[in-house]
Amino acid sequence: MKISIDIKKAQSILRQGGLVGIPTETVYGLGADACNAEAVSKIFSVKGRPSNHPLIVHIGNIEQLNQWAIEIPDVALKLAEKFWPGPLTMVLRRHPDVSDVVTGGLDTIAIRIPDHPLTLELLKKFGGGIAAPSANRYGRISPTSAEDVYEELGNQVDIVLDGGRCIVGIESTIIDCTTNKPVILRPGKITAQQISFLFKKEIPFSTSSSVQHPGNKLSHYAPDSEIRLVRREDIVNSIERARYEGKVVGLIATSFPHILPKDLIQIPIANGKEGMAHDLYHALRESDHLGVEVLVIVMPDEDGIGHALQDRLIRASRNNLYLKFRDIN
Ligand code: TXA
Ligand code: MG
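Going by my numbering, the sequence shown opens with residue 177, and the numbers climb by one from there.
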């Protein structure tokens, strides 16, 4: 694999049916020509992802939308106009020409225009759609830098475009727009409040999960360490308990009170919830590198991007300690 900024090279690899790591504002994607079923099927084998889990198709401009989707409702056009390019993925009725490999055999398709200059330039030059899930092994943490893609997938990717660290840091909001009554399927940077404000009515979250998709699985985005989600006032207790259990303990936080034990592994993240989103996956990787066994993280409140953070943290903490967290809140 080559980490590079050679857009022309990336374009020719896509044309030849190869795999390209693409930077987006959310996380890095593992991209292939969405019209080349053989190329797209490589994505599944490289990630180890079940073939019935559909992919997002990334396009370069809104005019291309009707090559991928049909019966596009007005709400979708309104959302596209407001939030694209940006961290919002829309699920629409698929165009009959779209390959089953991309949609996992569903009659719908997920589409977005990502907001990253390198990938927008690549999409413009390439002219077609790029099918891309997050560029991590199935069930693992999404990559937020070109080096992370290399760490996850190594030489199975032909080239990774190096667009630096992802600005948002967690995956896009997914909204089902197959009807004029949109429903949010995955929380993300674009919040329910923002979308509800646009339509001047409350836009709900999906309660049922008719589509089997990885973002929907309870265990996902998981590091090797065991995550314990706590309230700020419980940090010290939680660390003491993990130390008593004989574990190597790490703490992800914005600042570190001096009363903490000296051998604690401290992993700093930026301030505020936007800062946490930006740094969270990077910090989870760091904790694995440092051999942390129990990772203590303060659960953010659910306002704004906090909802998406809570969603990712709960899935990342495989053993569902959050249920206990909820009991004590
Ligand atoms: O920010 C993002 O969305 C990143 C960047 C690379 O664009 N992509 C990403 O892809 O997170 P992935 O595959 O890791 O997650 C996409 C989610 C999956 O849970 C998938 O099942 C769901 O979108 N999805 C795709 N097509 C769908 C469809 N037709 N209906 C419902 N969900 C769908
Ligand atoms: Mg993913």
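Backbone N, C-alpha and C define an ideal beta-carbon position, used for all residues, glycine too.
Quick caveat: nothing in here was measured; it's all calculated off a predicted structure.
Item: Neighbourhood of Thr367 by C-beta distance below 6 Å, restricted to the same chain and skipping five residues each side; Value: Gly480
Item: Status (buried if at least 16 other CB within 10 Å, exposed otherwise) for Phe302; Value: buried
Item: Burial state of Ser493, where buried means 16 or more other Cβ atoms lie within 10 Å; Value: buried
Item: The alpha helix (DSSP H) enclosing Gly451, as first and last residue numbers; Value: Gly448 to His465
Item: Three or more C-beta pairs below 8 Å linking the stretch 434-441 and the stretch 482-492; Value: no
Item: Contact set for Lys178: own chain, Cβ-Cβ below 6 Å, skip 5 residues either direction; Value: Ile335
Item: Distance between Val267 and Lys357 (C-alpha atoms, nearest Å); Value: 12 Å
Item: Assigned secondary structure, Thr519 (DSSP; H/G/I helix, E/B strand, else coil); Value: Residue 519 is absent from the structure shown; the chain starts at 177 and stops at 505.
Item: Helix, strand or coil at Thr349 [DSSP, three-state]; Value: strand
Item: Whether Val406 touches Ile473 by CB criterion (9 Å); Value: yes
Item: Counted within 10 angstroms of its Cβ, other Cβ atoms place Lys300 as buried (16 or more) or exposed; Value: exposed
Item: Cα-Cα separation, Glu421 to Tyr397; Value: 25 Å
Item: From Glu469, Asn447, Val277 and Cys211, residue whose alpha carbon lies closest to that of Gly304; Value: Cys211
Item: Buried or exposed by the 16-neighbour rule on C-beta atoms within 10 Å, applied to Phe432; Value: exposed
Item: Bridge partners - Lys178, DSSP secondary structure assignment; Value: Ile335
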